[in-house]
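Engineer: If you want the numbering used here, it's the 1-based position in the sequence shown plus 69. All C-beta atoms, glycine included, are put in the ideal place defined by N, C-alpha and C. Next up is a structure, given as structure tokens.
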Amino acid sequence: MIRLERVSKTFPGTQRASVEALDLEVPDGTTCVLIGPSGCGKTTTLRMINRLIEPSSGRIIVEGVDVTHVDPVQLRRRIGYVIQSVGLFPHFTIGENVATVPNLLGWPKAKIEARVREMLALVGLDPAEFAARNPASLSGGQRQRVGVARALAADPPVMLMDEPFGAVDPVVRARLQREFAEILRRLGKTVIMVTHDIDEAIRMGDRVAIMREGRLVQYDPPERLLAAPADAFVADFVGSDRGLKRLTLIAGGDVALPGRPAGPAPAIAAEASLQTALSLMLSEGTDAVLLVGQDGLPAGHLTLTHIREVAAADHAAATSITCHGRQA
Ligand SMILES: Nc1ncnc2c1ncn2[C@@H]1O[C@H](COP(=O)(O)OP(=O)(O)O)[C@@H](O)[C@H]1O
Ligand SMILES: [Mg+2]
């Protein structure tokens, strides 16, 4: 678990605090996405956790230990760190880059080589093809993959990621988001990720922390953030299409009406999102869809009216809906 207790940072020579009385708790094995306008204190917050920046006040507990009581070098070996421009060592091969921390930890050579192969395969890079290559020969997306492989190499329980997909084009970014969310969840990492992209936050965060001018404005699961923004700033930040965004988080099967549609209707997988169901209705010109379970059997139905009701559901109803298999 990562816990920040009233953490503040005022840089020398500045008037205002860059981070002010920040409380944040990230349970083990979950991903917290930090989001907010440029300059709101996201990077400062991350870098206080691995002590690249010392807090002015407050406490930061990582895995039960106050980070100020740990040698920073030791600490950083237990915390993976991925940044936008990756910072691969240009004169090292890809394999040597991934091996950096295991080398520092003095692992035996054979164990390191096996780990490098495992990590490259994990992030979708064929070790036989990539281990001996130089960073300069890779695309931006491939470099990000290596950056993540390197950060994961020593199996740190905690990962800090600062706009890890900021430098890659939108198509590659969407794929990396999906893949890495899956990998981090499967490995049970506790993650804090910074982004300024609300769609990325909604896709990747178990919970999303919205910051403004150094302060935490709202900290909630994506579902609740979209259903019940804490104030006008958050509502504006998540966008006027938040109703539609919410529909992408809700599986049809989770809010299905019982039985079959009244008339003929197209069928769709029960795990498809309400947004997918809605587009199918629009393209087919129907006002209902039949849901089909993984066993191929009917699993209830949805109507246009029902989707509209779900979209308009109040805060209380929204919090009881399961999204992506997680309890919101
Ligand atoms: N080393 C520094 N010295 C003085 N001010 C800084 C320093 N680093 C960051 N700041 C200021 O702190 C605020 C938060 O910065 P940062 O955490 O980088 O924002 P974000 O990552 O959300 O864009 C900004 O106003 C920035 O100018
Ligand atoms: Mg930043």
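Determine the DSSP secondary structure at I181, reduced to helix, strand or coil.
Structural biologist: Residue 181 sits at position 112 when you count from the first residue of the sequence shown. Helix, per DSSP.
Engineer: Give the C-beta separation of N119 and T162 to the nearest angstrom, bearing in mind that I take them to be a contact with Cβ-Cβ under 8 Å.
Structural biologist: Here residue 119 corresponds to residue number 50 of the sequence shown, with the count starting at 1. Here residue 162 corresponds to residue number 93 of the sequence shown, with the count starting at 1. Not quite, the Cβ-Cβ distance comes to about 26 Å (not below 8 Å), so this is no contact.
Engineer: So is P290 buried or exposed if we call it buried at 16+ other beta carbons inside 10 Å?
Structural biologist: Sequence index remark: in the sequence shown, residue 290 carries index 221 (1-based). So P290 ends up on the buried side.
Engineer: Tell me which residues pass a beta-carbon proximity test against ligand 1: closer than 5 Å to any heavy atom, given in chain order.
Structural biologist: F80, S87, S107, G108, C109, G110, K111, T112 and T113
Engineer: For V151, is the beta carbon positioned less than 8 Å from some heavy atom of ligand 3?
Structural biologist: With respect to ligand 3, the structure offers nothing, as its ligand set consists of ligand 1 and ligand 2.
Engineer: At what residues does the beta strand (DSSP E) containing D356 begin and finish?
Structural biologist: Counting from one through the sequence shown, the residue named residue 356 turns up at place 287. Taken as a continuous stretch (DSSP letters only), D356 belongs to no beta strand (DSSP E), as it is neither H nor E.
Engineer: Using the Cβ count rule (16 or more neighbours within 10 Å means buried), how would you classify E89?
Structural biologist: Translated into the one-based positions of the sequence shown, residue 89 becomes position 20. E89 is buried by the Cβ-count criterion.
Engineer: Buried or exposed, going by whether 16 or more other CB atoms sit within 10 Å of the CB of F80?
Structural biologist: For the purposes of this step, residue 80 is taken as residue 11 along the sequence shown, with counting starting at 1. Exposed.
Engineer: Any heavy atom of ligand 2 closer than 8 Å to the Cβ of E232?
Structural biologist: Within the sequence shown, numbered from 1, the residue matching residue 232 stands at position 163. Yes, ligand 2 has a heavy atom inside 8 Å of this Cβ.
Engineer: What would DSSP say about Q84, mapped onto helix, strand or coil?
Structural biologist: Here residue 84 is taken as the residue at index 15 of the sequence shown, counted from 1. In the structure shown, Q84 sits in coil (DSSP, three-state: anything other than H, G, I, E or B).
Engineer: Are the beta-carbon atoms of V102 and E269 separated by less than 9 Å?
Structural biologist: Residue mapping note: residue 102 aligns to position 33 of the sequence shown, counting from 1. Residue mapping note: residue 269 aligns to position 200 of the sequence shown, counting from 1. Result yes, Cβ atoms of V102 and E269 sit closer than 9 Å.
Engineer: In whole angstroms, what separates the C-alpha of R75 from that of K178?
Structural biologist: Position 6 of the sequence shown holds residue 75. Position 109 of the sequence shown holds residue 178. One C-alpha to the other measures close to 43 Å.
Engineer: Taking the C-alpha atoms as reference points, what is the distance between R311 and D323?
Structural biologist: Numbered from 1 along the sequence shown, position 242 holds the residue referred to as residue 311. Numbered from 1 along the sequence shown, position 254 holds the residue referred to as residue 323. Each residue's Cα considered, the two are about 19 Å apart.
Engineer: If you count every other CB in all the chains shown that lies within 10 Å of the CB of A331, and 16 or more means buried, which is it?
Structural biologist: As a working note, residue 331 is residue 262 in the sequence shown. Exposed.
Engineer: Using the Cα positions of G257 and V237, report the straight-line distance between them to the nearest angstrom.
Structural biologist: As a working note, residue 257 is residue 188 in the sequence shown. As a working note, residue 237 is residue 168 in the sequence shown. Cα to Cα, G257 sits roughly 25 Å from V237.
Engineer: Let's see if you can read the secondary structure: which residues bound the alpha helix (DSSP H) around A380?
Structural biologist: As a first step, residue 380 is located in the sequence shown; it is residue number 311 there, counting from the start. Taken as a continuous stretch (DSSP letters only), the alpha helix (DSSP H) holding A380 covers L373 to A380.
Engineer: Could you check what DSSP says for H138 in three-state terms: helix, strand or coil?
Structural biologist: Numbered from 1 along the sequence shown, position 69 holds the residue referred to as residue 138. Three-state result, H138: helix.
Engineer: Rounded to whole angstroms, what is the Cα-Cα separation between E459 and D140?
Structural biologist: Lying before the first or after the last residue shown, residue 459 is absent from the chain, which here runs from 70 to 397.
Engineer: Indicate whether the contact test is met: 3 or more Cβ pairs, each with one atom in the region 181-198 and one in the region 125-137, closer than 8 Å.
Structural biologist: no
Engineer: Would you grab the beta carbon distance between A325 and L360 for me? Rounded to a whole angstrom, and I think it's under 8 Å.
Structural biologist: Locating residue 325 in the sequence shown gives position 256, counting from the first residue. Locating residue 360 in the sequence shown gives position 291, counting from the first residue. The C-beta separation of A325 from L360 comes to about 5 Å, placing the pair in contact by the 8 Å criterion.
Engineer: From which residue to which residue does the beta strand (DSSP E) around Q287 run?
Structural biologist: Locating residue 287 in the sequence shown gives position 218, counting from the first residue. Start and end: R284 to D289.
Engineer: Less than 9 Å between the C-beta atoms of I271 and T317, yes or no?
Structural biologist: Along the sequence shown, one-based indexing puts residue 271 at 202. Along the sequence shown, one-based indexing puts residue 317 at 248. A contact, by the Cβ cut-off of 9 Å.
Engineer: If you follow the beta strand (DSSP E) that E74 is part of, which residue opens it and which one closes it?
Structural biologist: Walking along the sequence shown from the start, residue 74 turns up at place 5. Run containing E74: I71 to K78, per the beta strand (DSSP E) assignment.
Engineer: What does the alpha-carbon distance come out to for the pair G82 and G108?
Structural biologist: For the purposes of this step, residue 82 is taken as residue 13 along the sequence shown, with counting starting at 1. For the purposes of this step, residue 108 is taken as residue 39 along the sequence shown, with counting starting at 1. Going from the Cα of G82 to the Cα of G108 covers about 17 Å.
Engineer: Closest by CA to A222, which one among D364, G210, L253 and V286?
Structural biologist: One-based indexing of the sequence shown puts residue 222 at position 153. Out of D364, G210, L253 and V286, L253 has the C-alpha closest to the C-alpha of A222.
Engineer: For V260 versus T112, is the C-beta spacing smaller than 9 Å?
Structural biologist: Mapped onto the sequence shown, residue 260 falls at position 191. Mapped onto the sequence shown, residue 112 falls at position 43. No, these two residues do not count as a Cβ contact at 9 Å.
Engineer: Which class does G321 belong to by DSSP, given the choice of helix, strand or coil?
Structural biologist: Numbered from 1 along the sequence shown, position 252 holds the residue referred to as residue 321. In this structure, DSSP gives G321 a helical state, which the three-state scheme calls helix.
Engineer: Given 8 Å as the limit, tell me if V263 has its C-beta closer than that to any heavy atom belonging to ligand 2.
Structural biologist: By one-based count along the sequence shown, residue 263 stands at place 194. Because some heavy atom of ligand 2 lies under 8 Å away, the Cβ of V263 counts as near it: yes.
Engineer: Say whether chain D places a C-beta atom closer than 9 Å to the C-beta of A168.
Structural biologist: The structure shown contains no chain D; it is built from a single protein chain.
Engineer: Within 10 angstroms of its Cβ, does D300 collect 16 or more other Cβ (buried), or is it exposed?
Structural biologist: Numbered from 1 along the sequence shown, position 231 holds the residue referred to as residue 300. Exposed, by the Cβ-count rule.
Engineer: Would you report the Cα separation of A205 and N166, rounded to the nearest angstrom?
Structural biologist: If you number the sequence shown from 1, residue 205 lands on position 136. If you number the sequence shown from 1, residue 166 lands on position 97. Cα to Cα, A205 sits roughly 12 Å from N166.
Engineer: Taking 6 Å as the limit between beta carbons, can you name the residues of its chain near R242, skipping five residues before and five after?
Structural biologist: Sequence index remark: in the sequence shown, residue 242 carries index 173 (1-based). Excluding residues within five positions, the ones whose Cβ falls inside 6 Å are F234.
Engineer: Quick check on the DSSP output: the alpha helix (DSSP H) that includes V192 runs from which residue to which?
Structural biologist: As a working mapping, residue 192 is identified with position 123 in the sequence shown. Bounds of any alpha helix (DSSP H) do not take in V192, whose DSSP letter is neither H nor E.
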